[in-house]
Every structure is written in C-alpha cells, then in structure tokens.
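> The structure is given below, and queries will be raised subsequently.
Numbering (the working numbering), first residue to last: 449 to 815.
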C-alpha cells in the first residue's frame, strides 16, 4: 500500500548508508528495493520534496547512532508535494503506531500532517515553532495564509501553541484573535532567557511543526525568508529533543527548507542535527501521560482566591509535572485533561499564584 505514495531512497544514498554501517545510515530500515518490514518500527523518516530530503539524508546518515533498541525506518520520498496526497500516508503510519518524521519543502504541507491527525483523532493539539504567525483573521478565506484553514476552524483544532515568536512580526489583529481563541504563545525573549520554559508548551502537542525560518539567518540560511534574529541551532536542537521525549507527540515536521538557497549544505546539516536530537528524545521516552498514569504522584493544593483546589501530578519516572484541569472534560478530550507544567508552576500555585497560561487552558474546556 505504501508504495503507492512513495519513491525509494536513491542508490547513491543507499551506498552512503552502507559505508556508514556503524553510524545512523547503517541502522535505518531503508526503502530501497521495497518497503522494509515495519512491524517493530516506531519512527519513520518521510521526505516531501526529494532534493531537500536527500540533502538532509546526506548529512543525517553520517551522524552517530547510540540507540540499541530503537527501530527507525527511512521510507523515501512522497511522489507528490500536496497536502491532500500526503495526509492518508501519514494517517496510515499513525494508525500503525509509527511516528512520522517529515522533511518538507513547503510550509503548507503542515495542512496534510494536521489533516492526518484530524482524520484519526477529532481533538488535536498543534505546536508550531516559528518566528511569526502566517494568519489573516480579517480574511478567513485567504488561501495564501496556510495557517488560516488550520487555526480558524474551531471544529478541527482543540489547541494551538506557537513557540519562538518575534513581536515585530505579529500584527495586532493576530494577537487579538490568538487571545480570543486562548492560544498559547511563547516569544523568543523568554525562551532565550531559559530554554527550559519551552518544554511544557511542546509537551502539550499531538503534533509539532518546525519552520526553519524560526532560526537565525546565520544558523539556517536555506529558507525562503531568513531573518537576522531567531533561534540558535543549539536552542532549536533542545526544542527538538523536548518534542521527541514527549509521550503525547505522535508526529513532527520540519518545513521551509530550500535546497537551492543552501549551496554549502549548512541548513541541511542543521536539520540533520535537529532530527538526531528528536530521535534521541524519542528513544528516551518514559511512557508517561497520556500513555500511562502509572508512576504519577498526586499533589493537591487548595486555592482560596478561586475557592477550589488544584491537583498536580508528578512523574516518578521522568520528574515532569502536570496540572489536572478542574473542569468537566468533553468527549475525546481525555488525553488533554492534564496540562504540562513544571515545578515552578507548582510552587507558585501553592502560593495562590496562577499563571495566565493555566487560566487560558481552563477556558478551552468551557462549552
């Protein structure tokens, strides 16, 4: 079935993988003569845009492989670069409990990634790493804004988070709409002060889209509109690892790479490193919520100001924290009922201080 969507990895890259037997290339189940056996595979690389994906593979196959028990496939490249074409492919992988790792040229391909999740799970949370929000609230039918279709339909999207935003790119109408919809936003400044604040935001997502334009131009020049400000590659790699280690996350896409704007292959090398750190996080998953509630310890705090109590949960396996939503949960929202947070949030709540992020989260569950 997958052959209908995919073309195999090139012979030259298969040779490169063989030459790097002890490195990543030698440990991947590669689509060469046919689709590999996927029974034990938990993660699959998928190229949507052969030139870009192959440029990344050339660097990726040469990276180290410290994972003894993780089975990863490289399924080659999609035959077409259309959201409607890739959506059923991604959904088939999701239904097989395989996490798709997408290397895509066009940002609009996120629509296919999201459609696959929505066709499988009706209540979906999306996190986008980007320097701006390509959204036009004043014209919902604007097809030039690839986010309009995703973010302006309340039926499709349960929650949206944007990480790495730069204030000078955000219009007032976008900010106003984001507030009305209770979207989470983490700007570049607070993230730069402490990269760890991004972890709960990323952990709340079913899927993550990583636009390469979120990185500084000097870090990732091979994008359509590179910005002088943005994430450093080390920060981006840490975010990618946070995504990988999240038990809730089921797919990730790296979008916006333009091979023709990257003659030295610098951006391709950065993407390869982002993938390496995502895989490292994925290999270190702890089977925490929403996979299992086992190992979660309960902490209850009375909040006198709001006349109710809050329940926090801490994982004995990973040390991560969650806040339980103190409102009724609708059908299909069970895996969203715990909001990722950190120890500092717990300490502040014990003093009666609730961050706006929590209050916004409670409102998302209102009918």
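Even for Gly, the Cβ is constructed at its ideal location relative to N, Cα and C.
Between residue 660 and residue 671, which are expected to be in contact by the criterion C-beta below 8 Å, what is the C-beta distance as a whole number of angstroms?
Translated into positions along the chain shown, residue 660 becomes position 212. Translated into positions along the chain shown, residue 671 becomes position 223. Indeed they touch by this definition, with Cβ atoms about 5 Å apart.
> Alpha carbon to alpha carbon, how far is residue 741 from residue 637?
Translated into positions along the chain shown, residue 741 becomes position 293. Translated into positions along the chain shown, residue 637 becomes position 189. One C-alpha to the other measures close to 34 Å.
> How many angstroms separate the CA atom of residue 585 from the CA atom of residue 620?
By 1-based counting over the chain shown, the position of residue 585 is 137. By 1-based counting over the chain shown, the position of residue 620 is 172. Cα to Cα, the separation comes out at about 10 Å.
> Do you know how far the Cα of residue 693 is from the Cα of residue 491?
Along the chain shown, read from residue 1 onward, the residue named residue 491 stands at position 43. Along the chain shown, read from residue 1 onward, the residue named residue 693 stands at position 245. Cα-Cα distance, rounded: 13 Å.
> If you draw a straight line from the alpha carbon of residue 502 to that of residue 683, how long is it in whole angstroms?
Mapped onto the chain shown, residue 502 falls at position 54. Mapped onto the chain shown, residue 683 falls at position 235. Looking at the two C-alpha atoms, the distance is approximately 24 Å.
> Where does residue 608 sit, in a helix, a strand or coil, going by DSSP?
By 1-based counting over the chain shown, the position of residue 608 is 160. DSSP places residue 608 in strand when its eight states are reduced to three.
> When DSSP labels each residue in this structure, what does residue 678 get in the three-state scheme?
Translated into the one-based positions of the chain shown, residue 678 becomes position 230. Coil.
> Would you mind sorting residue 681 into buried or exposed? The rule is 16 or more other CB atoms within 10 Å of its CB.
Residue mapping note: residue 681 aligns to position 233 of the chain shown, counting from 1. Under this definition residue 681 is a buried residue.
> Please check the pair residue 454 and residue 510, which I expect to be a contact at CB under 8 Å, by giving their CB distance rounded to whole angstroms.
Looking up residue 454 in the chain shown gives position 6. Looking up residue 510 in the chain shown gives position 62. Their Cβ separation, rounded to whole angstroms, is 23 Å, which puts residue 454 and residue 510 out of contact at 8 Å.
> With a 10 Å radius around its C-beta and 16 neighbouring C-beta atoms as the bar for buried, classify residue 696 as buried or exposed.
For this step, residue 696 is matched to residue 248 along the chain shown. Buried: at least 16 other Cβ atoms inside 10 Å.
> If residue 768 sits next to residue 725, beta carbons under 8 Å apart, how far is it from one beta carbon to the other, in whole angstroms?
Along the chain shown, one-based indexing puts residue 768 at 320. Along the chain shown, one-based indexing puts residue 725 at 277. About 18 Å; that fails the 8 Å criterion.
> In whole angstroms, what separates the C-alpha of residue 469 from that of residue 559?
For this step, residue 469 is matched to residue 21 along the chain shown. For this step, residue 559 is matched to residue 111 along the chain shown. Between residue 469 and residue 559, the C-alpha separation is close to 36 Å.
> Less than 8 Å between the beta carbons of residue 574 and residue 622, yes or no?
Taking the chain shown and counting its residues from 1, the one referred to as residue 574 is at position 126. Taking the chain shown and counting its residues from 1, the one referred to as residue 622 is at position 174. No.
> Nearest by alpha-carbon distance to residue 610: which of 531, 601, 633 and 537 is it?
By 1-based counting over the chain shown, the position of residue 610 is 162. Here the closest residue by C-alpha is 633.
> Would you mind listing the beta strand (DSSP E) stretches within the stretch 502-559 that are 3+ residues and don't spill past its ends, in chain order?
As far as the stretch 502-559 is concerned, its whole beta strand (DSSP E) runs of at least 3 residues are 520-526 and 547-552.
> Who pairs with residue 633 in a beta bridge, going by DSSP?
Residue mapping note: residue 633 aligns to position 185 of the chain shown, counting from 1. Looking at the DSSP assignment, residue 633 forms a beta bridge with 610.
> Identify the residues that DSSP records as bridge partners of residue 477: which are they?
Counted from its first residue, the chain shown places residue 477 at position 29. DSSP lists 521 as partners of residue 477.
> Return the CA-CA distance between residue 461 and residue 749, expressed in angstroms with no decimal places.
Numbered from its first residue, the chain shown carries residue 461 at position 13. Numbered from its first residue, the chain shown carries residue 749 at position 301. Distance between the alpha carbons of residue 461 and residue 749 is about 56 Å.
> What are the start and end residues of the beta strand (DSSP E) that includes residue 724?
Counting from 1 along the chain shown, the entry for residue 724 is found at position 276. Per DSSP, residue 724 belongs to no beta strand (DSSP E); it is in the alpha helix (DSSP H), 714-731.
> Give the DSSP bridge partners of residue 749, in chain order.
Counted from its first residue, the chain shown places residue 749 at position 301. 758.
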